[in-house]
Amino acid sequence: MMSALTPGFAEPVSGAQACFRLVLDAMARPGQVHALGGVAAPAPLCDAAAAVVLTLLDHETPLWLDPEAEAAKAWIAFHTGAPITVDPARSMFALALSQSVMESWHGLPPGTDEAPETSATVILQVVSLTTGTDFVLEGPGMRAPETLTVDGLPPDFAAIWRRNHAQYPRGIDLILCAGNQIAALPRSVAVRKG
Amino acid sequence: MTDRVPVETRRQRWMAILARAPAEGLMTLLNEAGGAPEYTVLRGPEGGLVMVRGRAGGGGAPFNLGEMTVTRCTVRLDSGLVGHAYVAGREPRRAELAALVDALMQDPERAETVEARVIAPLEACQAARRTERAGKAASTRVQFFAMQTMRT
Chain A
0 MMSALTPGFA
10 EPVSGAQACF
20 RLVLDAMARP
30 GQVHALGGVA
40 APAPLCDAAA
50 AVVLTLLDHE
60 TPLWLDPEAE
70 AAKAWIAFHT
80 GAPITVDPAR
90 SMFALALSQS
100 VMESWHGLPP
110 GTDEAPETSA
120 TVILQVVSLT
130 TGTDFVLEGP
140 GMRAPETLTV
150 DGLPPDFAAI
160 WRRNHAQYPR
170 GIDLILCAGN
180 QIAALPRSVA
190 VRKG
Chain B
0 MTDRVPVETR
10 RQRWMAILAR
20 APAEGLMTLL
30 NEAGGAPEYT
40 VLRGPEGGLV
50 MVRGRAGGGG
60 APFNLGEMTV
70 TRCTVRLDSG
80 LVGHAYVAGR
90 EPRRAELAAL
100 VDALMQDPER
110 AETVEARVIA
120 PLEACQAARR
130 TERAGKAAST
140 RVQFFAMQTM
150 RT
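Protein chains in written order, with numbering that gives the first Met the number 0: chain A, 0 to 193; chain B, 0 to 151.
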């Protein structure tokens, strides 16, 4: 079998633990941007998206993979063992490279009122988390409104997110990745354009 | 002849032989077969547990016998060939060497030499050990003539 597979975390245990901690922090404090590393991502993924994938996915978490990320499919399957599904409704995670995932979220499950934890988490690779459009975030985890700067979200993102936030406690959680940086938008957060 | 056997079956055979081979033996034989090429470790070697299951009862329902430790490793040669190995116990070096030989066996240029110098000697050695153990066990076998007679 010929393959261009590359290794995962340089230190599998500590790498995944450190990344998990950062994802937790990012979810708990929306708007804060964290830098992570320890992994050489396969194209077309950025380092941050690859690290989050390695940390959160395993054989029990079906993944919907953006067709644009097809080149990374073998790497994800080998290192995480996650079943890659073509049916977004059955996935627990979605890895997207483009904003098109946000068009009605491709039918990803928003969970139910009885079991909101069954919703999907979207790992979205964006252009930058340091330049671009400002968004003002409010909600749990923030004393005062926080500003998150993102390049690579659709122009009507605030409206898209309002519809997602309105479903609370149901809804999609979003992890934004760019380069080696991550930020998270849990469904509990309200977003308006800055 | 070997071409008619599916590659999966042939690979299962050599992977089974490699999984039982000791690290020192593998290293020595590999050096005789041209040595190890440059490679990257993709995963491991890392230890873990696997559940050993058997069939119990007349219905053949699976039965969890217990867990055993295994070490697994995956390597990629610079040529792009990927080799995997799972070995019993906690022996990282053994798993890495077995994965390396598995990758080499997929290389058409080296497969023949590695088969002759590494796989074949190991297979012969393992077969001899199996025969010896079977012989020792057979010599302690007790024949219950009385019971056999009663049954007929």
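A virtual CB, placed ideally from N, CA and C, is assigned to each residue, including glycine.
On a predicted model such as this, the values are computed, not experimentally measured, just so you know.
Chain A contact for B:Gly-79 (CB, 9 Å cutoff): yes
Secondary structure at A:Gln-31, three-state DSSP: helix, strand or coil? coil
Are at least three pairs of beta-carbons, each pair with one atom in the segment 178-187 of chain A and one in the segment 111-131 of chain A, less than 8 Å apart? yes
Can you list, in chain order, the residues of its chain with a C-beta nearer than 6 Å to that of B:Thr-104? Leave out the 5 residues immediately preceding and following it. The sequence given here has Met at residue 104 of chain B, not Thr. Result list for B:Met-104: Trp-13, Ala-110, Val-113, in chain order.
Mind pulling the chain A residues with CB within less than 7 Å of B:Gly-95? Note that residue 95 of chain B is Glu in the sequence shown here, rather than Gly. Near B:Glu-95 there are no residues of chain A at all, since even the closest Cβ is about 13 Å away, more than 7 Å.
In angstroms, rounded to a whole number, what distance separates the CA positions of A:Ser-13 and A:Pro-153? 35 Å
Helix, strand or coil, according to DSSP, for B:Pro-61 in the structure here? strand
With 9 Å set as the bound, which would you pick, yes or no: does the beta-carbon of A:Ser-2 sit closer than that to a beta-carbon of chain B? yes
Going by Cα to Cα distance, which pick from B:Leu-64, B:Gly-47, B:Gly-88 is closest to B:Ala-55? B:Leu-64
From the beta carbon of B:Val-40, is the nearest beta carbon of chain A less than 9 Å away? yes
Could you please give me the residues that DSSP links to A:Leu-175 through a beta bridge? A:Leu-123, A:Ala-182
Going along the chain, which residues of its own chain have a beta-carbon closer than 7 Å to the beta-carbon of A:Ser-187, five neighbours each way excluded? Gly-138, Pro-139, Tyr-167
Since B:Gly-88 and B:Asp-101 are thought to touch, with beta carbons under 8 Å apart, how far apart are those beta carbons, to the nearest angstrom? Not really, about 18 Å apart at Cβ, beyond 8 Å.
According to the Cβ coordinates, are B:Leu-76 and A:Thr-5 closer than 9 Å? no
Is the CB-CB distance between A:Ala-15 and A:Thr-54 below 9 Å? yes
Counting only C-beta atoms, is A:Leu-184 closer than 9 Å to chain B at any point? no
B:Thr-139: buried (16+ other C-beta within 10 angstroms of its C-beta) or exposed? exposed
Given a cut-off of 9 Å on the beta-carbon distance, is the pair A:Ile-57 and A:Ala-95 in contact? The question names Ile, but residue 57 of chain A is Asp in the sequence shown. The answer is no: Cβ separation not under 9 Å.
With distance defined between alpha-carbon atoms, name the residue in B:Glu-122, B:Ser-78, B:Val-141, B:Val-86 nearest to B:Glu-37. B:Ser-78
List the residues of chain A that B:Arg-75 touches, going by C-beta distances under 9 Å, in chain order. Ser-2, Ala-3, Leu-4, Thr-5, Pro-6
Step through the CB atoms of chain B and report whether any lies within less than 9 Å of the CB of A:His-78. yes
Sheet register partners of B:Thr-39 (DSSP bridge): B:Arg-75
Please confirm if the segment 104-118 of chain A is in contact with the segment 25-41 of chain A, defined as three or more CB-CB distances below 8 Å between the two stretches. no
My understanding is that A:Ala-48 touches A:Ile-122, with C-beta atoms under 8 Å, so please give their C-beta distance in whole angstroms. 6 Å
Tell me the residue span of the beta strand (DSSP E) that contains A:Ala-143. Neither: A:Ala-143 is in no beta strand (DSSP E) and is coded neither H nor E.
Around the C-beta of A:Met-91, are 16 or more other C-beta atoms found within 10 angstroms, so that it is buried, or is it exposed? buried
What are the residues in the segment 15-45 of chain B lying within 8 Å of chain A by C-beta distance? Thr-39, Val-40, Leu-41, Arg-42, Glu-45
To the nearest angstrom, report how far apart B:Pro-44 and B:Ala-133 are at their CA atoms. 33 Å
In chain order, what residues of the same chain lie with their CB nearer than 8 Å to the CB of A:Lys-72, ignoring the 5 residues before and after it? Leu-64, Ile-83
I'd like to know if A:Pro-11 contacts chain B, where contact means its C-beta is closer than 9 Å to some C-beta of that chain. yes
Would B:Leu-28 pass as a contact of B:Arg-128 if the rule is Cβ separation under 9 Å? no
Under 7 Å Cβ to Cβ from A:Gly-7, same chain only, skipping five residues before and after it: list those, please. Val-38, Leu-53, His-78
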